[in-house]
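Numbering (our numbering), first residue to last: 313 to 981.
Encoded structure:
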């Protein structure tokens, strides 16, 4: 008897060779096969005559086989002549000589076909159309003459093959799949079909309504899985205990007065939320979500200062050594009048003193190499969207108690995503820029204006007598035979010629940390006019006098990434510029050009991130693995109402149902 866990190797017709193909698609069990759902549908249910097909140029028609011939010139070509009451038609198949035996004269078939026009535009032919023997009961048609799903495929395993194998299981679906919500669906107002019915309808729909009904259930299952995880994290957080960090108003007021600028309303609100969380015996888990240049660092600094002045230690973790060093320099300046002990912990310097009551700055990578201070009570993580349960568990085990956590990101995350994927975190947003910051002027610069743009950059740097500096960004370090993308090393040689008389250097991720730090320091001290780089500089690098950003092959980058790069300029009161140059392959009016034009007209990172999400999806924008954002097969990332329903139901399940593991194991995924 088949079960959901039956290996697909036990299904008829799946041998060692085809098993490998199924496993390439992540299909190992019968349940995996049933949960491998179409990503789109093709409607071939409208049957037309051959005469009408000739007028339309494409469609589905019913025809009788009149003649089949195979020739062997250059490649095997099988010509099939078909007819109906209105006309005749010739169909051509390449390298499918088996059709000589399969298609018998007088048999009736359904064909789904489309005309192909020859290069000279004079001849029309029909090549390799889909077909299936006509069955008088429509529901028995499998591939043609109905709405059929198109599946994620791999070479050697087509949608038709997958469809046929799933059809073999169709009658047994109710016996194979356990419905984890069966006892809840009847008693609640969920208004969802049972999982077996949803899976049957998603694979073999009789109409669009069937697909919609099926997807409602599958979407809910996906959202419910996320919602249970969020609610469990919240429940676990409520059980954790930590030490309160009281508000030291006197010290903080003195610190804020010492700043050379006034905090924005958004910064003040974020500070208030963070300090309030810290003054609680339940550990803070908050996301500080701010646009580039919005002033997140000083907000974190206020929380750190309050922590240390209350007799505790704090750790700040950065994604790179370069950024860790920059944070060290920034906080050394910020706290110079406040007697704060700051230590830098990077791969080349791991010896941390035993003293308590201090700020430790390091990288994510060396977290597990550090000896943690016993009085650690505030952990700040820079540029890691999802600081997970494992890391919190690590700090809890190493210390006397669980510290407070603040995660910062300069990659703006739209509210729809924070609702869905960071529901276990409280969120503070900083959208305002500090006063005095001038908006970066952004220009979409087509290939024909490339040299004109470079001449303008040269003049701008020369006329400023070294006060203006420029970044030139490329997608690759060096060119490869297979890639047509521009590279740092290749373009560096070209740019040295174009910008003769200016100091041009290059930077990329494969350089040693010491070299990268030295180059950035030289750039900061204006010993370099133009820095040619990969995206290694996209996060957090602060060079106040860099005023020009040029990004070539700009369509190769996501808009959120381009916004990060744009954020490396305009960090002072100087007028700043960003030029996005597409490659020569980008056509006028193409989606790639539309995206770059949108970017050039919008300066808000939140607007850019929302648009990027809509055009590319969350997995590509934020990086699925790095962000902790799962990719849904069915659920709509923007369906906040569905998430709210799922979260409400998840709370009920956690409260009432002891068999959560069974539910999680059997939900659609």
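For glycine and all other residues, C-beta sits at the position ideal for the given N, C-alpha and C. The model shown is predicted, which means the values in this text are computed figures rather than measured ones.
Pair within 9 angstroms by beta-carbon distance, residue 673 and residue 716: no
Would you grab the beta carbon distance between residue 652 and residue 620 for me? Rounded to a whole angstrom, and I think it's under 8 angstroms. 6 angstroms
Between which residues of its own chain and residue 958 is the CB-CB distance below 7 angstroms, once the five residues before and five after are set aside? 532, 535, 536 and 539
Within 9 angstroms of any Cβ in chain C, is that where the Cβ of residue 721 sits? Judged by its chain identifiers, the structure shown contains no chain C, having just a single protein chain.
Between the Cα of residue 710 and the Cα atoms of 685, 602 and 656, which residue gives the shortest distance? 685
DSSP-derived helix/strand/coil call for residue 596: coil
Entirely enclosed beta strand (DSSP E) segments - the region 806-846, minimum 3 residues: 816-819 and 842-845
Applying the 10 Å Cβ sphere with the 16-neighbour rule, what's the burial state of residue 961? buried
Runs of 4 residues minimum, wholly inside the region 346-381: which ones carry the alpha helix (DSSP H) assignment? 362-368
Residue 887, DSSP secondary structure in three states: coil
Can you check which of these residues, 890, 355 and 372, is closest to residue 396 by C-alpha distance? 372
Which same chain residues, not among the five before or five after residue 699, have their C-beta less than 7 angstroms away from its C-beta? Low confidence applies to residue 699: its pLDDT is 49, below 50, so where it sits in the model is not reliable enough to give any reading.
Please say whether residue 597 and residue 690 have beta carbons closer to each other than 9 angstroms? no
State the CB to CB distance for the pair residue 1057 and residue 454, rounded to an integer number of angstroms; the pair is presumed to be in contact (CB under 8 angstroms). Any answer about residue 1057 is impossible in this case: the structure gives the chain only from 313 up to 981.
Bridge partners for residue 445 per DSSP, in chain order? 421
Which one of 657, 808 and 649 has the shortest CA to CA distance from residue 632? 657
Length of the line joining the Cα atoms of residue 363 and residue 898: 40 angstroms
Close beta carbons around residue 751, own chain, < 6 angstroms, minus the five adjacent residues each side: 915
Per the DSSP calculation, residue 435 is bridged to which residue(s)? Note: residue 435 sits in no beta bridge, so no partner.
Using the rule of at least 16 other Cβ atoms within 10 Å of the residue's Cβ for burial, across every protein chain shown, is residue 759 buried or exposed? exposed
Identify, in the order they occur along the chain, each residue of the same chain with its Cβ nearer than 6 angstroms to the Cβ of residue 445, setting aside the five sequence neighbours on each side. 421
Cα-Cα separation between residue 627 and residue 636, rounded to whole angstroms: 11 angstroms
In three-state DSSP terms, what is residue 917? helix
Three-pair Cβ contact test at 8 angstroms for the region 522-531 versus the region 944-956: yes
Return the CA-CA distance between residue 323 and residue 611, expressed in angstroms with no decimal places. 60 angstroms
Rounded to the nearest angstrom, what separates residue 697 and residue 725 at their Cα positions? For residue 697, the predicted structure reports a pLDDT of 49, less than 50, and the residue's modelled location is therefore unreliable. A value from the coordinates is still provided. Roughly 9 angstroms separates the two Cα atoms.
Helix, strand or coil at residue 984 according to DSSP, with G and I counted as helix: Absent from the model: residue 984. The displayed extent of the chain is 313 to 981, so no value can be given.
Once the 5 residues before and after residue 646 are set aside, which same chain residues still bring their CB inside 6 angstroms of it? 613
Closest to residue 863 by CA distance: which of 338, 908 and 355 is it? 908
Using alpha carbons as the reference points, say which of 424, 893 and 564 lies closest to residue 755. 893
At a cut of 8 angstroms, does the region 871-891 reach the region 802-815 through at least three beta carbon pairs? no
Indicate the three-state DSSP secondary structure (helix, strand or coil) for residue 601 in the structure shown. strand
Could you compute how far the alpha carbon of residue 764 sits from the alpha carbon of residue 891? 12 angstroms
CB contact flag (residue 399, residue 366, <9 angstroms): yes
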